[in-house]
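2 protein chains.
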Amino acid sequence: MDEFSLIQRYFSRHARAGHEGVVLGVGDDAAVLRPSPGHDLVMATDTLVSGRHFPADMTAFDIGWRSLAVNLSDLAAMGARPLWCLLSLTLPEADERWLAGFADGFYALADETGVALVGGDTVRGSLSVTIQVVGQVPANKALRRSGACPGDRICMGGTPGEAALGLRQWQQGVHQGDAVERLCRPLPQLVLGEKLRSVASACIDVSDGVLADLGHLLDASGGLGADLRVDGFPDTPLFAGLSRQERLALQCHGGDDYLLLFTLPPVFNRPQGCLELGRVAAQPGIRLHDGNGELLSLPGSGWNHFSSQGDG
Amino acid sequence: MDEFSLIQRYFSRHARAGHEGVVLGVGDDAAVLRPSPGHDLVMATDTLVSGRHFPADMTAFDIGWRSLAVNLSDLAAMGARPLWCLLSLTLPEADERWLAGFADGFYALADETGVALVGGDTVRGSLSVTIQVVGQVPANKALRRSGACPGDRICMGGTPGEAALGLRQWQQGVHQGDAVERLCRPLPQLVLGEKLRSVASACIDVSDGVLADLGHLLDASGGLGADLRVDGFPDTPLFAGLSRQERLALQCHGGDDYLLLFTLPPVFNRPQGCLELGRVAAQPGIRLHDGNGELLSLPGSGWNHFSSQGDG
Numbered sequence: 001m002d003e004f005s006l007i008q009r010y011f012s013r014h015a016r017a018g019h020e021g022v023v024l025g026v027g028d029d030a031a032v033l034r035p036s037p038g039h040d041l042v043m044a045t046d047t048l049v050s051g052r053h054f055p056a057d058m059t060a061f062d063i064g065w066r067s068l069a070v071n072l073s074d075l076a077a078m079g080a081r082p083l084w085c086l087l088s089l090t091l092p093e094a095d096e097r098w099l100a101g102f103a104d105g106f107y108a109l110a111d112e113t114g115v116a117l118v119g120g121d122t123v124r125g126s127l128s129v130t131i132q133v134v135g136q137v138p139a140n141k142a143l144r145r146s147g148a149c150p151g152d153r154i155c156m157g158g159t160p161g162e163a164a165l166g167l168r169q170w171q172q173g174v175h176q177g178d179a180v181e182r183l184c185r186p187l188p189q190l191v192l193g194e195k196l197r198s199v200a201s202a203c204i205d206v207s208d209g210v211l212a213d214l215g216h217l218l219d220a221s222g223g224l225g226a227d228l229r230v231d232g233f234p235d236t237p238l239f240a241g242l243s244r245q246e247r248l249a250l251q252c253h254g255g256d257d258y259l260l261l262f263t264l265p266p267v268f269n270r271p272q273g274c275l276e277l278g279r280v281a282a283q284p285g286i287r288l289h290d291g292n293g294e295l296l297s298l299p300g301s302g303w304n305h306f307s308s309q310g311d312g
Numbered sequence: 313m314d315e316f317s318l319i320q321r322y323f324s325r326h327a328r329a330g331h332e333g334v335v336l337g338v339g340d341d342a343a344v345l346r347p348s349p350g351h352d353l354v355m356a357t358d359t360l361v362s363g364r365h366f367p368a369d370m371t372a373f374d375i376g377w378r379s380l381a382v383n384l385s386d387l388a389a390m391g392a393r394p395l396w397c398l399l400s401l402t403l404p405e406a407d408e409r410w411l412a413g414f415a416d417g418f419y420a421l422a423d424e425t426g427v428a429l430v431g432g433d434t435v436r437g438s439l440s441v442t443i444q445v446v447g448q449v450p451a452n453k454a455l456r457r458s459g460a461c462p463g464d465r466i467c468m469g470g471t472p473g474e475a476a477l478g479l480r481q482w483q484q485g486v487h488q489g490d491a492v493e494r495l496c497r498p499l500p501q502l503v504l505g506e507k508l509r510s511v512a513s514a515c516i517d518v519s520d521g522v523l524a525d526l527g528h529l530l531d532a533s534g535g536l537g538a539d540l541r542v543d544g545f546p547d548t549p550l551f552a553g554l555s556r557q558e559r560l561a562l563q564c565h566g567g568d569d570y571l572l573l574f575t576l577p578p579v580f581n582r583p584q585g586c587l588e589l590g591r592v593a594a595q596p597g598i599r600l601h602d603g604n605g606e607l608l609s610l611p612g613s614g615w616n617h618f619s620s621q622g623d624g
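As structure tokens, then:
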């Protein structure tokens, strides 16, 4: 089977119209799509390069899942419901087994989240995956990074740092377990994102780490600051064996969680399953306090990810 | 200036709302876009890998122009008017001069065609450019590859083979002139595409070569064939010095022209500036005839581009 047929075989599952809004799917010069009246479109793209955004020895299934997940997470952060995606795959060779595994992982998450693959491109080169996702929100209802106000609660859709722990384990040769699962198969918080549309004042998904992404949100909200409480970062069983300082470093700086980080006006309670990390402050800078309100030094230090343009 | 600031500096020109349908541009987790009522969206993506889809020594300006052009050409082939795009740039290093040149070429064509860059992603890796374009057509008016009928004229938006000639010259060390310009700065035929919406029965853009792309169109139209006339492939001054056979090989098999290839029911005349290559036939296969109707052998042979998924 030649390469052209392989691609056709593995990436045409959503080819036919029938998915919501798909007038014409894979197979022409472009896809033709019909948006719902009264809705805004939300579009994002992320590229994942082998060895940089995922371990080179990650399974094809997990690469397929994860590549789609990190893109859907951007839609979740906007409160959007996913509709369609395009896949640009750069492959060193057409390896049928690899393609089959990648497609299985990709479609497993696509089917779970209702997003249809409507087009793409496959080229020869070093392994890299670029996905573009399109979702929709009722007009003017997209969540943004801007909009946080002093006094807002700072909340998160789960425990940060577990994916970073998974990466550490992976690098130590441990390729299974709950933490590794967090790294390999992040679950974009689409349901939470839709719920937050009516309550959150600002939202971002955590890809670069809590402090870095909270910094982006506070900057976008007009240069605000934050007071975080150390007990906002829970010591879950996954972190057993780590010192508090090691755990906090992972939880403050570790990326790859793809959990939503959002701010809530004081009038709203935090949604079930979410953590409260602290409060937005008028004074710039991010500070960490212990249970008595005493200032703790922030673990480690932030850094600029080259991979972050801040809008993907 | 760090890498993050460089990217912000060079790719935020369309960041603010103000372009048609842009509610929120570069700078959040995703862009927010408002489609026009009564229109279908048309979406495509193409990846260009250095040394594979453009010469590694092409100027940054031309890489920027060309990467956008080949994507817009997919919209032209659907009869769509471009609205928005996302840019995923994989770079070996953050070279300010290169980025400035790339951005100049990219925005030169973006401004000429009215498409707004609303988001993207930049990562470290070997040089590769992925662009996603979104355009719109009045509902149900997109041109497709299917729809050709026996007896339809086969037309083309200009002379094929000139970009392939440019590539040959480039590889011989000639880096300027009209043919090289065709290769480096293809002009997507967006105006022609919109005109064809009301007349063409099928349309595709020529990226893989006339015979290969005509084959895709005929296959999509139900396994039809074509009778081409050799005088449909004109001997323009650019081809001076080539034998007829060399020229025809470039014109039949050379890719990269990004001209529209389309079929017209006999009742319509071919649009100004377009060539007529021949007629669609019920009998499968593509045949080439001389002025007396005698069969000529087709020059060279076709091949499968790995880069073509057939839908990008």
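Chains A and B are the protein sequences, given in the same order. Note that this note's numbering has the first sequence beginning at 1, numbered continuously upward. Note that this note's numbering has the second sequence beginning at 313, numbered continuously upward. Note that the Cβ used here is the ideal one computed from N, Cα and C, for glycine as well.
query                                                                                                             : result
Paired residues, beta bridge with B:R559 - DSSP                                                                   : B:R559 pairs with nothing; no bridge assigned.
Residue nearest to B:V354 in terms of C-alpha spacing, selected from A:A100, A:V22, A:L296 and A:D231             : A:V22
Buried or exposed (CB count within 10 angstroms, at least 16 for buried), B:R556                                  : exposed
Closest residue to A:L68 among A:Q136, A:L89 and A:G79 (Cα-Cα distance)                                           : A:L89
Chain B contacts from the segment 52-67 of chain A (Cβ-Cβ distance under 8 angstroms)                             : R52 and H53
Test: B:R457 CB closer than 7 angstroms to a CB of chain E                                                        : The displayed structure is made up of protein chains A and B, and chain E is not among them.
A:V174 (DSSP reduced to helix, strand or coil)                                                                    : coil
B:A573 vs B:G391 beta-carbon contact at 7 angstroms                                                               : The amino acid at residue 573 of chain B is misidentified as Ala; the sequence shows Leu. Taking 7 angstroms as the Cβ cut-off, B:L573 and B:G391 do not qualify as a contacting pair.
B:L336, DSSP secondary structure in three states                                                                  : strand
Buried/exposed call for B:A561, threshold 16 Cβ in 10 Å                                                           : buried
Per-residue burial, B:L607 [other beta carbons within 10 Å of its own, 16 or more giving buried]                  : exposed
Rounded straight-line distance, which links the Cα of A:P266 to that of A:A202                                    : 13 angstroms
Inter-residue Cα distance where the pair is B:G553 and A:C184                                                     : 58 angstroms
Contact set for A:G293: own chain, Cβ-Cβ below 6 angstroms, skip 5 residues either direction                      : none
Residues of the segment 541-558 of chain B with Cβ closer than 8 angstroms to any Cβ of chain A, in chain order   : none
C-beta neighbour in chain A for B:L318, strict 7 angstroms                                                        : no
Proximity test, Cβ basis, 7 angstroms: A:G254 and chain B                                                         : no
Contacts that B:P349 makes with chain A (C-beta to C-beta distance below 8 angstroms)                             : P37
Reduced DSSP secondary structure (H/G/I, E/B, other) of B:C564                                                    : helix
Outcome for B:V449 when other beta-carbon atoms lying within 10 angstroms are tallied against a minimum of 16     : buried
Counted within 10 angstroms of its Cβ, other Cβ atoms place A:D178 as buried (16 or more) or exposed              : exposed
Nearest-angstrom Cβ-Cβ length linking A:L316 and A:L228, presumed shorter than 8 angstroms                        : Chain A is shown from 1 up to 312; residue 316 of chain A falls before or after that span and cannot be answered.
Partner residues on chain B for A:I204, Cβ-Cβ distance less than 7 angstroms                                      : D341
Short CB-CB distance (under 7 angstroms) between A:G312 and chain B                                               : Bear in mind that a pLDDT of 35 at A:G312, under 50, signals an unreliable position, so the model cannot answer this.
Cα-Cα separation between B:L360 and B:Q483, rounded to whole angstroms                                            : 18 angstroms
Collapsed DSSP secondary structure at A:G310 in the structure displayed                                           : With a pLDDT of only 36 at A:G310, under 50, the local geometry of the prediction cannot be trusted, and the value read off the model is given with reservation. In the structure shown, A:G310 sits in coil (DSSP, three-state: anything other than H, G, I, E or B).
Three-state secondary structure assigned by DSSP to B:D423                                                        : helix
Amino acids of chain A, ordered along the chain, whose beta-carbon sits closer than 7 angstroms to that of B:D352 : V23, V32, L33 and R34
Check whether B:N383 and B:D358 have beta carbons under 7 angstroms apart                                         : yes
Residues that DSSP places opposite B:D520 in a beta bridge                                                        : B:D520 pairs with nothing; no bridge assigned.
First through last residue of the alpha helix (DSSP H) which encompasses A:M314                                   : Because residue 314 of chain A is not part of the residues shown, which for chain A are 1 to 312, the question remains open.
Straight-line gap, B:T575 to A:V32 (C-alpha atoms, nearest Å)                                                     : 20 angstroms
Selection from A:L109, A:V118 and A:H289 that minimises the alpha carbon distance to A:L190                       : A:L109
Distance between beta carbons of A:S221 and A:G147, contact taken as under 8 angstroms                            : 6 angstroms
Beta-carbon gap between A:L288 and A:L275 smaller than 7 angstroms                                                : no
Beta carbon of A:G119 nearer than 7 angstroms to that of A:V26                                                    : yes
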